[in-house]
Amino acid sequence: MSLETTGDLPDLSELIACPNCDALHLERDVAPGDTAYCVRCHAVLEAPRKTAMTRIIMLALAALILMVAAIFFPFLELEAAGRMHRSSLLDTIMAFSNGLTAPLTLAMVALIVVLPSIRFIALIYVLAPMAAGYPPARHAEWAFRIADHLRPWAMAEVFIVGVAVALVKVAGMAHIFIGPAFWAFVALVIVTVLKDNFMSRLTLWKTLERRRAS
Amino acid sequence: MEDTGTTPGVLTAKAAGLVGCVQCGRVNPAGTTTCGRCGSQVSTRDETSLQRVWAWLFAGLVVYIPANIYPMLRTQILGQESNSTIYGGVVDLLHHGSYGVAAIVFIASIIIPVSKFIAIAYLALSINHRVKLSAHTRHKLYEVVEFIGRWSMIDVFVVAILSSLVQLDFAASINPGIAAVSFALSVSFTMLSAESFDARLIWDADGDDDHNG
């Protein structure tokens, strides 16, 4: 429900401003499964889902475990003219480490491994105490802000499309063997997408505030 | 909910003299600088937003030039070295008959970056100039720009995977070229440019017309 004049302005805690267009709405509890949209720009305001918290924690944990698997198992193997070359995810990341392209190594580590992992850990840190019925952990607000800011920079799913393109490029000239780490990484991407679908930022912030107060 | 035009008579936090938080949606009293719910920095409107948008956008444009001139991949087959640029890579793929992959690379490394430059510049200009597209369409455009930017990184990842995979000594080896660095920088700079944009500015012209009229 939106407001039209300043005359009937209630207490500020009963208001919500659309993060995309600043339109004021009266705060109302949205039932789990329902979605609240902004009246002006139609962006999703709130989309609470039943047991969303537990599901996000489980999916983030699963993603972390898959990340460890993806790093240490063999990723891809190439065979051509009787020669074998095996490369792990780490080799892929280190591909830029020689010469002028060295700075890209840091960026690769960050985009593919570090930033996604930080997001998973931050989400678990924010949600796990609340899901278990405890008040939020110290600095939970800070951790959740970090997790949200990092969202566009965690590029696991972009990377996996890059792998697919590279495989097609090489497929003509050599035999490719796909290792377990590749599948771990594919699963990681699916888990990440599922997890982000359960997340409703505004709902989580409200929950965080309520639990902190009680 | 079906109304897709401008919605008259919507009160914004700014018009009510309050400060809305773009992170958590909380409405703070006038003059607040730190949100009471989530602790983010808040302001009625981000005054320096447009400056930062233009700065990052130009930085992105500048590094996009060497990204297209210098080689992205250095391929060595039986001692013969050949370099290929972004565009050259697409042409090679077409020659091999991989049309689908050529399309992905062409869209991700040429179409998306170029249309992103144009779209961000258009959105930034639309804040101070009258434009044809409605606030609604421009908001959609902004959402698309924000969503799609990171996908341009595909080509950088392709180069990394090829370079780590194809290392067969004399027979064949692939190494990254310097363009990979400038292309990655260009993508990052335009992502930062899009992030600096305060989307609420798109709606302000509309809102003011409704309220002052």
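Respectively, the protein sequence lines represent chains A and B. When the letters of the first sequence are read in order and numbered with the numbering used here, they come out as residues 4 to 217. When the letters of the second sequence are read in order and numbered with the numbering used here, they come out as residues 113 to 325. Here a beta-carbon is modelled for each residue, glycine too, at the ideal position from N, C-alpha and C.
- Roughly how many angstroms lie between the CA atoms of G289 (chain B) and R122 (chain A), to the nearest whole one? Numbered from its first residue, the second sequence carries residue 289 (chain B) at position 177. Numbered from its first residue, the first sequence carries residue 122 (chain A) at position 119. Taking the straight line from one Cα to the other gives about 31 Å.
- Rounded straight-line distance, which links the Cα of L27 (chain A) to that of I115 (chain A): The residue given as residue 115 (chain A) occupies position 112 in the first sequence. The residue given as residue 27 (chain A) occupies position 24 in the first sequence. Distance between the alpha carbons of I115 (chain A) and L27 (chain A) is about 38 Å.
- Determine the direct distance from the alpha carbon of L123 (chain B) to that of L277 (chain B), and round the result to whole angstroms. Here residue 277 (chain B) is taken as the residue at index 165 of the second sequence, counted from 1. Here residue 123 (chain B) is taken as the residue at index 11 of the second sequence, counted from 1. Their backbone Cα atoms lie some 57 Å apart in a straight line.
- Query: Leaving out the 5 sequence neighbours to the left and right, which residues in its chain are closer than 8 Å to A113 (chain A) when beta-carbon positions are compared?
  - Reply: Against the first sequence, residue 113 (chain A) aligns to sequence position 110. Contacts found: W156.
- Quick one: is D322 (chain B) near chain A, going by C-beta distance under 7 Å? Translated into positions along the second sequence, residue 322 (chain B) becomes position 210. With a pLDDT of only 42 at D322 (chain B), under 50, the local geometry of the prediction cannot be trusted, and the value read off the model is given with reservation. D322 (chain B) does not count as touching chain A.
- Ordered along the chain, which non-local residues of its own chain (more than five positions away) have a Cβ less than 7 Å from that of A125 (chain B)? Looking up residue 125 (chain B) in the second sequence gives position 13. Once the five neighbours on either side are set aside, the close Cβ partners of A125 (chain B) are V131, G132 and V139.
- Task: Would you list the one or two residues that DSSP bridges to V139 (chain B)?
- Result: Along the second sequence, one-based indexing puts residue 139 (chain B) at 27. DSSP output for V139 (chain B) lists B:G132 as bridge partner(s).
- What do you reckon, are the CB atoms on V270 (chain B) and V168 (chain A) nearer than 7 Å? Taking the second sequence and counting its residues from 1, the one referred to as residue 270 (chain B) is at position 158. Taking the first sequence and counting its residues from 1, the one referred to as residue 168 (chain A) is at position 165. Yes, they are a contact pair.
- Item | Cβ separation of S305 (chain B) and V134 (chain B), assumed to be a contact under 8 Å, to the nearest whole Å | On the second sequence, residue 305 (chain B) is found 193 positions in, with the first residue counted as 1. On the second sequence, residue 134 (chain B) is found 22 positions in, with the first residue counted as 1. With a beta-carbon spacing of about 17 Å, S305 (chain B) and V134 (chain B) fall beyond the 8 Å limit used to define contacts.
- Closest by C-alpha distance to G137 (chain B), when choosing among A:V33, A:P22 and A:R31: As a working note, residue 137 (chain B) is residue 25 in the second sequence. The residue with the shortest Cα to Cα distance from G137 (chain B) is A:P22.
- Message: One question on the structure: do F218 (chain B) and V202 (chain B) come within less than 7 Å of each other, judged by their Cβ atoms?
- Response: In the second sequence, the residue the question calls residue 218 (chain B) occupies position 106. In the second sequence, the residue the question calls residue 202 (chain B) occupies position 90. Closer than 7 Å, so yes.
- Between B:G209, B:D310 and B:N180, which lies nearest to N195 (chain B) when the distance is taken from Cα to Cα? Indexing the second sequence from 1 puts residue 195 (chain B) at position 83. Nearest option by C-alpha distance: B:N180.
- What is the residue span of the beta strand (DSSP E) that H45 (chain A) lies within? Counted from its first residue, the first sequence places residue 45 (chain A) at position 42. Counting along the chain, H45 (chain A) falls outside any beta strand (DSSP E), and DSSP gives it neither H nor E.
- Query: Where are the alpha helix (DSSP H) runs, 4 residues long or more, that stay fully inside the segment 228–261 of chain B, in chain order?
  - Reply: 247–260
- Message: Residues of chain A with CB closer than 8 Å to the CB of V213 (chain B), please, in chain order.
- Response: Sequence index remark: in the second sequence, residue 213 (chain B) carries index 101 (1-based). Residues of chain A passing the Cβ test: V168, V171 and K172.
- Task: Using a Cβ cut-off of 7 Å, pull out every chain B residue sitting near A26 (chain A), in sequence order please.
- Result: Start at 1 with the first residue of the first sequence, and residue 26 (chain A) comes out as number 23. Within 7 Å Cβ-Cβ: V122 and T124.
- Interface partners of Q279 (chain B) on chain A, CB under 7 Å: Taking the second sequence and counting its residues from 1, one reaches residue 279 (chain B) at position 167. What Q279 (chain B) touches in chain A: H88.
- Proximity test, Cβ basis, 7 Å: P288 (chain B) and chain A: What you label residue 288 (chain B) is simply residue 176 of the second sequence in a count that begins at 1. With its beta carbon less than 7 Å from one in chain A, P288 (chain B) belongs to the interface.
- Does DSSP put T197 (chain B) in a helix, in a strand, or in coil? In the second sequence, the residue the question calls residue 197 (chain B) occupies position 85. Coil at T197 (chain B), not helix or strand.
- Leaving out five residues on either side along the sequence, give the residues of the same chain with a beta carbon under 7 Å from the beta carbon of R89 (chain A). On the first sequence, residue 89 (chain A) is found 86 positions in, with the first residue counted as 1. Cβ within range, chain order: P77 and E80.
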